[in-house]
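Step one of this worksheet: look at the structure below.
Numbering (full-length UniProt numbering), first residue to last: 1 to 135.
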């Protein structure tokens with residue numbers, strides 16, 4: 001019995017699974033996640049002498065050659081940026097409404113510690129206060 005494997009709709013690689021609303025391989029899934037979650041912008045440099053834009057060919061062996069065209073292809077085949085979640089499980093679509101989010105990107109946003117990190121920070125703070133009192 002032959003088992004037919006799905007192909008990535010972005011680059012054509014085998015063993016694609018459904019991610020972010022479309023069929024894609026793990027490489028394209030990771031690329032799409034990094035691009036959207038880090039808010040990266042890419043520019044295609046493939047312009048001929050007449051300043052006419054020529055789309056790059058995205059295939060499995062050369063899928064990393066043009067990130068702008070790869071992202072465009074991801075969106076064209078139906079990958080949805082709103083289905084990406086950050087490490088805390090919050091949708092990236094909701095993250096833009098977060099009052100701590102700055103449009104300049106994730107490196108500029110106010111960082112909030114997870115609950116376990118908050119507990120460790122409080123314990124460290126108490127130890128520092130006790131050592132100051134003893135001195």
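Virtual Cβ for every residue (Gly too), placed ideally from N, Cα, C.
One alpha carbon belongs to residue 19, the other to residue 62, and they sit about 21 Å apart.
In the three-state reduction of the DSSP assignment, residue 37 falls in the helix class, which pools H, G and I. Secondary structure of residue 85 (DSSP, three-state): strand.
Residue environment analysis places residue 29 among the buried positions, since at least 16 neighbouring C-beta atoms fall within 10 angstroms of its C-beta. The C-beta separation of residue 42 from residue 6 comes to about 26 Å, leaving the pair out of contact by the 8 Å criterion.
If you draw a straight line from the Cα of residue 45 to the Cα of residue 126, it is about 55 Å long. In the three-state DSSP reduction, residue 17 falls in the strand class (E or B). For residue 24, no alpha helix (DSSP H) segment is defined; the enclosing uninterrupted segment is the beta strand (DSSP E) at 22 to 24.
Annotation: the continuous alpha helix (DSSP H) that includes residue 72 extends over 67 to 76. DSSP places residue 126 within a helical segment (H, G or I) once states are collapsed to three.
Per the coordinates, the alpha-carbon of residue 36 lies some 19 Å from the alpha-carbon of residue 8.
The beta carbons of residue 25 and residue 79 sit no closer together than 8 Å.
Contact check for residue 83 against residue 27 fails: the beta carbons are separated by 8 Å or more.
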